[in-house]
Amino acid sequence: MALSSSFPQAVIWGPDLITIHNDAFLPILGEKPLAIGRSFADIWSEAWDQIGPIATQAYQGRPTFIEDFPLVINRHGYDEQAYFTFCYSPLRDDKGNIAGMIDTVVETTDTVLGAERLRQSEVRFRAFTTATSDVIYQMSADSKEM
């Protein structure tokens, strides 16, 4: 199921968190070394303090859905701030025991940064229009304040 999805997904399996991912997951990884067959904790070691507890919840049977989660990751040879919307869902073995999780994820960095740029632009615009109205208010035809 995950391997044939066009949505970025990874299956994390067993107590060693062995990772299997689809091709759509590759941009999430960037230039990280080959992830298939490696521990999810090892792949994301730089962010494990943040995502490890969330993965633990999935392994305890509690699915999660988190929007625009900020992470500092290293996937292109340098640390970068990135944002992700993701869901960790428990996966059960043939006996019904939780044996892994599925990570369904989309990067939202461009959306989050775009929204922040828009917010900053609106703040600057409000400051400009406030300053402009103050100047106009003080500049009457007879040079008197209104």
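Under the working numbering, the residues of the sequence shown are numbered 6 to 151, in order. From the three backbone atoms N, C-alpha and C, an ideal C-beta is built for every residue, glycine too.
query, result
"Cβ neighbours of M144 in the same chain (closer than 7 Å, five flanking residues each side left out)", "Note on M144: pLDDT 47, under 50, position unreliable in the model; no value is reported."
"Extent of the continuous beta strand (DSSP E) run through Q86", "D84 to R97"
"Whole-angstrom C-beta distance between Y88 and T114, which should lie under 8 Å", "5 Å"
"Under 9 Å between C-beta atoms of I33 and A7", "no"
"Residue of P38, Y83 and I71 minimising C-alpha distance to V110", "I71"
"Outcome for A132 when other beta-carbon atoms lying within 10 angstroms are tallied against a minimum of 16", "exposed"
"A40 versus F74 - alpha carbon distance", "21 Å"
"Own chain, CB closer than 7 Å to V117, minus 5 neighbours either side, in chain order", "D73 and Y88"
"Reference I48, options N79, Q14, N102 and L123, closest by Cα", "N79"
"Short Cβ contact (9 Å threshold) for L22 with F45", "yes"
"Buried or exposed by the 16-neighbour rule on C-beta atoms within 10 Å, applied to G105", "buried"
"Exposure label - D98; buried when at least 16 CB within 10 Å", "exposed"
"Proximity winner among S10, A60, G82 and I56, relative to A37 (alpha-carbon distances)", "Inspection of the sequence shows that residue 37 is occupied by Lys rather than by Ala. Per the Cα distances, G82."
"CB contact flag (P68, P95, <9 Å)", "yes"
"CA-to-CA distance, I103 to T90, given in whole angstroms", "23 Å"
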